[in-house]
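Visitor: Going by my numbering, the final residue of the sequence shown carries number 405, and the count climbs one at a time with no gaps. Note that beta-carbon positions come from the ideal geometry of N, C-alpha and C, so glycine has one too.
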Amino acid sequence: MDKFVIHGGSRLHGRATVGGSKNAALALMPATLLASGNYTFSNIPDLKDIKTMGRLLESMGVDVAIGARALRINTFRVNSFEAPYEHVKKMRASIYVLGPLVARYGYAKVSLPGGCAWGPRPVNLHIEGIRKLGATVRIDRGYIIAKARRLKGRKLNLAVSSVGATGNLLMAAVLARGTTVITNAAREPEIVALEKFLTRMGARIHGTGTARLEIEGVDALHPADETMIPDRIEAGTLLAAAAITGGRIRLGGCRPSHLRSLLTHLKRAGCTVETGGDWISLKAPATLRAVGATTGIYPGFPTDMQAQWMALMTVARGPSRITETIYFDRFKHVPELVRLGADVTIEQEAATVRGGATLVGAKVMSTDLRASASLVIAGLAAAGRTEVLRVYHLDRGYDHLEKKLRLLGARIRRVAGREY
Ligand code: UD1
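1. Does the segment 262 to 274 come close enough to the segment 194 to 201 to have 3 or more Cβ pairs within less than 8 angstroms?
2. Determine the burial state of residue 316: buried for a count of at least 16 other Cβ atoms within 10 Å of its Cβ, exposed for fewer.
3. Less than 8 angstroms between C-beta atoms, sequence neighbours within five positions excluded: which residues of the same chain meet that for residue 144?
4. State the DSSP-derived secondary structure class of residue 154, mapped to helix, strand or coil.
5. Check whether chain D comes within 9 angstroms of residue 90, counting only Cβ atoms and requiring the distance to be less than that.
6. Say yes only if the C-beta of residue 108 is nearer than 8 angstroms to one or more non-hydrogen atoms of the ligand UD1, and no if none qualify.
7. With contact counted as at least three CB pairs below 8 angstroms, one residue from each stretch, are the segment 170 to 189 and the segment 45 to 56 in contact?
8. Find out if the Cβ-Cβ distance for the pair residue 129, residue 159 is shorter than 9 angstroms.
9. Using the DSSP secondary-structure output, state which residues sit across from residue 327 in a beta bridge.
10. Smallest Cα separation from residue 208: which of 401, 395, 25 and 396?
11. At the level of alpha carbons, what is the spacing between residue 122 and residue 4?
12. Short of 8 angstroms in beta carbon distance, which residues of its chain neighbour residue 455, apart from the five on each side in sequence? Order them along the chain.
13. Closer than 8 angstroms to a non-hydrogen atom of the ligand UD1 - does that hold for the CB of residue 163?
14. What residue range is occupied by the uninterrupted beta strand (DSSP E) comprising residue 373?
15. Return yes when at least one heavy atom of the ligand UD1 lies under 8 angstroms from the C-beta of residue 311, else no.
16. Contact check, residue 384 vs residue 30 under 8 angstroms by CB: the rounded distance?
17. Keeping to the same chain, check which residues put their C-beta closer than 6 angstroms to that of residue 280; ignore five residues upstream and five downstream.
18. Would residue 92 and residue 66 be called neighbours here (beta carbons separated by less than 9 angstroms)?
19. Note the first and the last residue of the continuous alpha helix (DSSP H) segment covering residue 111.
20. Out of 27, 35, -2 and -3, which has the shortest C-alpha to C-alpha gap to residue 15?
21. Quick one, which of 120, 126 and 141 has its alpha-carbon nearest residue 133's?
22. Would you call residue 252 buried or exposed, if buried means 16 or more other Cβ atoms sit within 10 Å of its Cβ?
23. Under a Cβ-count criterion, where at least 16 other Cβ atoms within 10 Å of its own Cβ denotes burial, should residue 205 be classed as buried or exposed?
24. Start and end of the alpha helix (DSSP H) containing residue 260?
25. So, does the segment 52 to 59 touch the segment 81 to 90, judging by three or more C-beta pairs under 8 angstroms?
26. Beta strand (DSSP E) containing residue 199: first to last residue?
27. Is it true that the CB of residue 174 sits closer than 9 angstroms to the CB of residue 9?
28. Compute the beta-carbon to beta-carbon distance between residue 138 and residue 106, rounded to the nearest angstrom, for a pair I have assumed lies under 8 angstroms.
29. In the DSSP output, what is residue -2 paired with across the bridge?
30. Any idea if residue 259 is buried or exposed, counting beta-carbon neighbours within 10 angstroms, 16 or more meaning buried?
31. So, residue 324 versus residue 347, is the Cβ gap smaller than 9 angstroms?
32. Less than 9 angstroms separating the beta-carbons of residue 299 and residue 338?
33. Buried or exposed, going by whether 16 or more other CB atoms sit within 10 Å of the CB of residue 172?
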């Protein structure tokens, strides 16, 4: 297991380019099960989760060739309709194969994902939705087993605006007989990317980008190529890293409109932020101001930036309150930030950050993807040496984060597991 060694105190400066979106790629890759043929995806980040999804598809008979920031997928020879526990336990997004498999092949056996580092993450909406579309679904020995001759369009109202359930049900509905209406659908950019991709494959989707999707099922789809949208969370993480170090950076290859809430928070915290069509520049103040954040569905403040925002607030002037409304238990980073000198207390779904901390380097443990990013950010501001252990969590979702940070002047290096 690799670790990062960080010597804090360097101001980030310079330019970096944001890579392609992990969560968009993880939704689009399973969508290729919907039509036989060849697909080419570009702007694919080099990530463990992409490889895991690639392996899962390969286990079903799909040819997956991972190239330099690109993927070639061939779905001519799909011969298995199962997502085994070995894959799903590594990555919850594996559940995305459920909708496409049932819609196209009439059968899917997908392991239930179970819990995760930040608490329960149910998939009831995926299951209920597939059932409403006419599939018979049973749970057997930890597996969801779904069967259907052909799915039938229905009205589906999501009790919670779930990204995964929207994506899964959308992929199921595109080949159903008749019209499906999904209300309270997720509007996250990664879901909009999926809607656009499916449309390019021949799907008939009305209301793209809105919370009401009307999908007229078609008999067949065809392959299409796609370029992934930029990863808004990678962009946000780099901006947070610059902000905590008093730095000045310019990010290229990003989509500022996907980051409105975060950019507003950064401005309130005293950062000077400018944007163009595909770039964002940030100049941090000498000391950040305290600004609370409440996570919400898009376009609200992203839960995937909550931990990184908390890292910033530990050194900001004054107290702030950070409320998590998406995953009430997503505070595993707090005890580790406290080890670096932060003063944070948790009360149910909210954390109070006292602010004004003098962070001092220590050994800290990554517990999940975004928690790891918050520890790296805190380490960049901490005096002396910080070691962030178990960065495999971080590698699931950041494409060589340490290299990008080093290009921006950070003193951070990866130490391979066998070297320590
Ligand atoms: C996706 C993202 C993840 C992000 C999250 C919220 C991917 C691969 N992952 O996860 O990075 O943090 O969106 O923006 O894109 N829920 C239910 N029942 C369900 C499904 C979800 O109650 O069947 C609840 C969850 O417990 C949670 C909320 O809905 O409270 C949102 O979860 P959801 O949007 O589904 O997250 P994911 O798709 O798993």
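Guide: The short version:
1. No, because fewer than three Cβ pairs between the segment 262 to 274 and the segment 194 to 201 fall closer than 8 angstroms, the two stretches do not touch.
2. By 1-based counting over the sequence shown, the position of residue 316 is 331. Residue environment for residue 316: buried (at least 16 other C-beta atoms within 10 angstroms of its C-beta).
3. In the sequence shown, the residue the question calls residue 144 occupies position 159. Hits under 8 angstroms: 110 and 169.
4. Taking the sequence shown and counting its residues from 1, the one referred to as residue 154 is at position 169. DSSP, reduced to helix, strand and coil, places residue 154 within a helical segment of the structure shown.
5. The chain inventory of the structure shown lacks chain D, comprising one protein chain alone.
6. Here the question's residue 108 lines up with position 123 in the sequence shown. Proximity of the beta carbon of residue 108 to the ligand UD1 is indicated: a heavy atom of the ligand is located closer than 8 angstroms.
7. Judged by Cβ distances under 8 angstroms, the segment 170 to 189 makes no contact with the segment 45 to 56, as fewer than three pairs qualify.
8. Residue mapping note: residue 129 aligns to position 144 of the sequence shown, counting from 1. Residue mapping note: residue 159 aligns to position 174 of the sequence shown, counting from 1. Result no, Cβ atoms of residue 129 and residue 159 do not sit closer than 9 angstroms.
9. Stepping through the sequence shown from its first residue, residue 327 is reached at position 342. Per DSSP, none; premise fails for residue 327.
10. What you label residue 208 is simply residue 223 of the sequence shown in a count that begins at 1. Considering only alpha carbons, the answer is 25.
11. Here residue 122 is taken as the residue at index 137 of the sequence shown, counted from 1. Here residue 4 is taken as the residue at index 19 of the sequence shown, counted from 1. The alpha-carbon atoms of residue 122 and residue 4 are separated by roughly 38 angstroms.
12. This structure cannot settle anything about residue 455, because the visible part of the chain is limited to -14 through 405.
13. Locating residue 163 in the sequence shown gives position 178, counting from the first residue. No, the Cβ of residue 163 stays beyond 8 angstroms of every heavy atom of the ligand UD1.
14. Stepping through the sequence shown from its first residue, residue 373 is reached at position 388. Element bounds for residue 373: 370 to 374.
15. Here residue 311 is taken as the residue at index 326 of the sequence shown, counted from 1. Yes, the Cβ of residue 311 comes within 8 angstroms of a heavy atom of the ligand UD1.
16. For this step, residue 384 is matched to residue 399 along the sequence shown. For this step, residue 30 is matched to residue 45 along the sequence shown. With a Cβ gap of about 4 angstroms, residue 384 and residue 30 count as contacting.
17. Start at 1 with the first residue of the sequence shown, and residue 280 comes out as number 295. Only 286, 288, 291, 309, 310 and 311 meet the Cβ criterion.
18. On the sequence shown, position 107 is the one that residue 92 refers to. On the sequence shown, position 81 is the one that residue 66 refers to. Contact flag set, yes.
19. Counting from 1 along the sequence shown, the entry for residue 111 is found at position 126. Annotation for residue 111: the continuous alpha helix (DSSP H) segment containing it runs 109 to 117.
20. As a working note, residue 15 is residue 30 in the sequence shown. The candidate whose alpha carbon is nearest that of residue 15 is 35.
21. Working through the sequence shown from its first residue, we reach residue 133 at position 148. When only C-alpha atoms are compared, the closest one is 120.
22. Start at 1 with the first residue of the sequence shown, and residue 252 comes out as number 267. Result: exposed.
23. Against the sequence shown, residue 205 aligns to sequence position 220. Looking at its Cβ environment, which holds fewer than 16 other Cβ atoms inside 10 Å, residue 205 is exposed.
24. One-based indexing of the sequence shown puts residue 260 at position 275. That residue, residue 260, is in no alpha helix (DSSP H); its beta strand (DSSP E) goes 257 to 260.
25. With a cut-off of 8 angstroms, the segment 81 to 90 and the segment 52 to 59 do not count as touching, because too few Cβ pairs lie within range.
26. Locating residue 199 in the sequence shown gives position 214, counting from the first residue. Per DSSP, residue 199 belongs to the beta strand (DSSP E) from 197 to 201.
27. As a first step, residue 9 is located in the sequence shown; it is residue number 24 there, counting from the start. As a first step, residue 174 is located in the sequence shown; it is residue number 189 there, counting from the start. Taking 9 angstroms as the Cβ cut-off, residue 9 and residue 174 qualify as a contacting pair.
28. Against the sequence shown, residue 138 aligns to sequence position 153. Against the sequence shown, residue 106 aligns to sequence position 121. Incorrect: roughly 28 angstroms between the Cβ atoms, too far for contact.
29. Along the sequence shown, read from residue 1 onward, the residue named residue -2 stands at position 13. Beta-bridge analysis with DSSP links residue -2 to 233.
30. Reading the sequence shown from its first residue, position 274 is the one you call residue 259. If you draw a 10 Å sphere on the C-beta of residue 259, you find fewer than 16 other C-beta atoms in it, and that means exposed.
31. Counting from one through the sequence shown, the residue named residue 324 turns up at place 339. Counting from one through the sequence shown, the residue named residue 347 turns up at place 362. Result yes, Cβ atoms of residue 324 and residue 347 sit closer than 9 angstroms.
32. Within the sequence shown, numbered from 1, the residue matching residue 299 stands at position 314. Within the sequence shown, numbered from 1, the residue matching residue 338 stands at position 353. For the pair residue 299 and residue 338, the CB atoms are nearer than the 9 angstroms cut-off.
33. Translated into positions along the sequence shown, residue 172 becomes position 187. Buried, because 16 or more other Cβ atoms sit within 10 Å of the Cβ of residue 172.
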